[in-house]
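In our numbering, each number is its position in the sequence shown, counted from 1, plus 537.
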Amino acid sequence: MVATQQEHHWFAEPTRPVGRRYVVWLIVAQLVFYVALLGPAIVGIGIKVQQIVPSEQKTSALGTVAGFGALFAVVGNVVFGRLSDRTTSRWGRRRPWIVAGTVVMTLALLVMALGQSVAVVTAGWCLAQLGANATLAPFIATIADQVPTFQRGSVSALLGIAQNVGILGGTYVAQRFQHQIVIMFVAPAVLSIGAMLVFAIVLPDQRLRIRPPPAPIKDWFWVNPRENRDFALAWASRFLITLATYMFTTFRLYFLQDRVGLSADSAPAAVTVGVLIYTIALIACGWIAGRISDRTGRRKFLVAGSTLLFGAGTAALSHVTTLGQFYAVEAVLGVASGIYVGVDLALVVDVLPNPDDAGKDLGVFNIANALPQTVAPVIGAALLALGSATNQNYTLLLYSAGVASLIGALVVLPIRKVR
538 MVATQQEHHW FAEPTRPVGR RYVVWLIVAQ LVFYVALLGP AIVGIGIKVQ QIVPSEQKTS
598 ALGTVAGFGA LFAVVGNVVF GRLSDRTTSR WGRRRPWIVA GTVVMTLALL VMALGQSVAV
658 VTAGWCLAQL GANATLAPFI ATIADQVPTF QRGSVSALLG IAQNVGILGG TYVAQRFQHQ
718 IVIMFVAPAV LSIGAMLVFA IVLPDQRLRI RPPPAPIKDW FWVNPRENRD FALAWASRFL
778 ITLATYMFTT FRLYFLQDRV GLSADSAPAA VTVGVLIYTI ALIACGWIAG RISDRTGRRK
838 FLVAGSTLLF GAGTAALSHV TTLGQFYAVE AVLGVASGIY VGVDLALVVD VLPNPDDAGK
898 DLGVFNIANA LPQTVAPVIG AALLALGSAT NQNYTLLLYS AGVASLIGAL VVLPIRKVR
């Protein structure tokens, strides 16, 4: 039987360099997992929606699916992060959730692929987000568990690069199998089960040998912003940059059709090329930014500067009328995002209130990732609707996203704990 104890300092912060096997499989698992999750999220859901609703209903239907799914992601990330913090399994705190969540996500994506109504596709995406976040919350928490401060910039940069290469891979899969929807949704997810299983085996997971005291439900979803000011500022900055990102990417496929004039068949390929350009720029800048951050100990100016550049690039999309211009702006956004992902997660882990609650606190922080995905499709659809049925207001949408990024850059500057 596991003993109960009130003391709330179960594990020491890591001080030794993390092993290479952990880093390699962290990156591999992240990459494969994001191919599986974000291929459907970026392109697949849009294609699926177009198959089951009339064209004039596509933006509102897409907003419904994406919005409800993101709401479940908000809840799932916090709940499963907290549960992983307090898991006393003999297999460790994080391993059981990492593997089981990926299996649930895969089954849910199969439901989406076979669904023939917006209601079924929405239900499938909600369950997929629960499964995905049951994996992601403990997966990301392993950085706080295993990686010392002086390595976090480099490891976070590699993780961000892997995520974005995974996005690229997902868009390629979606383009290649756009007429074979079951393969697009399910095949990469099956591979992700294998990748996460290997990572779980390699992971030197911590085993919690005491039973944590009960915690009020509100503490599962709450970090006091007055007592943890730096965490709150980092949260607000991430919320705004994610809001800006999804206000555009949710409707990127339709932007290329409606604003640039591409056909429904050619637009997915253009998205893929754009993501390729974006990813190349991101890779080129992300690793450098992470190394600079670790060597200098400075993270704020990199986060703020990259967020500002991202906002300028998003606003510039409002002037895009050709595919070449779209690709050029994607390169600018890739540079900004590369610098951002090379530093931001390291900054976040540095300002966590309590390492023992890393899963929960990162889950609360992930609300800043997931909540904008709930509201961005709704806000975006409303802003687009201020145009006409045949000429939706992409200019208003993109400038609004640019302003959100600008504010996100300013919010990070008052953080004190991190330079």
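Beta carbons are placed, not taken as given, at the ideal position from N, Cα and C, and that holds for glycine.
| Asked | Found |
| --- | --- |
| Cut-off 7 Å between Cβ atoms - residues of its own chain near A907, not counting five sequence neighbours on either side | A607, A610, V611 and N614 |
| Delimiting residues of the alpha helix (DSSP H) encompassing T859 | Counting along the chain, T859 falls outside any alpha helix (DSSP H), and DSSP gives it neither H nor E. |
| Selected residue, minimal CA-CA separation from G703, among T779, G834 and A573 | A573 |
| I814 in three-state terms, based on DSSP | helix |
| Close Cβ partners of A946 (< 6 Å) along its chain, the five nearest in sequence each way excluded | A841, T844 and L845 |
| Member of Q794, I952 and L651 whose CA lies at the smallest distance from the CA of D767 | I952 |
| DSSP state of R763 mapped onto helix, strand, coil | coil |
| Start-to-end residues for the alpha helix (DSSP H) that takes in A669 | V655 to Q683 |
| R744 in three-state terms, based on DSSP | coil |
| Stretch pair the segment 669-681 + the segment 629-642: three plus CB contacts closer than 8 Å | yes |
| Proximity of L943 and N930 at Cβ, strictly below 7 Å | no |
| Contact under 7 Å by Cβ, G604 with P914 | yes |
| Endpoints, the alpha helix (DSSP H) within which D795 is located | R789 to D795 |
| Three CB pairs or more closer than 8 Å across the segment 847-856 and the segment 864-876 | yes |
| Under 7 Å between C-beta atoms of A773 and V655 | no |
| Segment contact flag, the segment 554-565 with the segment 776-794, C-beta cutoff 8 Å, min 3 pairs | no |
| Three-state class that DSSP yields for V948 in the structure shown | helix |
| Candidates A566, T859 and N670: closest to G731 by CA position | A566 |
| Contact check, T708 vs V812, beta carbons under 7 Å | yes |
| Buried or exposed by the 16-neighbour rule on C-beta atoms within 10 Å, applied to V855 | Val is not the amino acid found at residue 855; the sequence shown has Ser there. The residue in question, S855, is buried, as its Cβ has 16 or more Cβ neighbours within 10 Å. |
| Residue of G879, Q700 and I584 minimising C-alpha distance to V721 | Checking the sequence, you will find Met at residue 721 rather than Val. Closest by alpha carbon: I584. |
| N928 - containing alpha helix (DSSP H), residue span | Where N928 is concerned, there is no enclosing alpha helix (DSSP H), given that its DSSP letter is neither H nor E. |
| With 16 other Cβ atoms within 10 Å as the buried cut-off, status of S800 | exposed |
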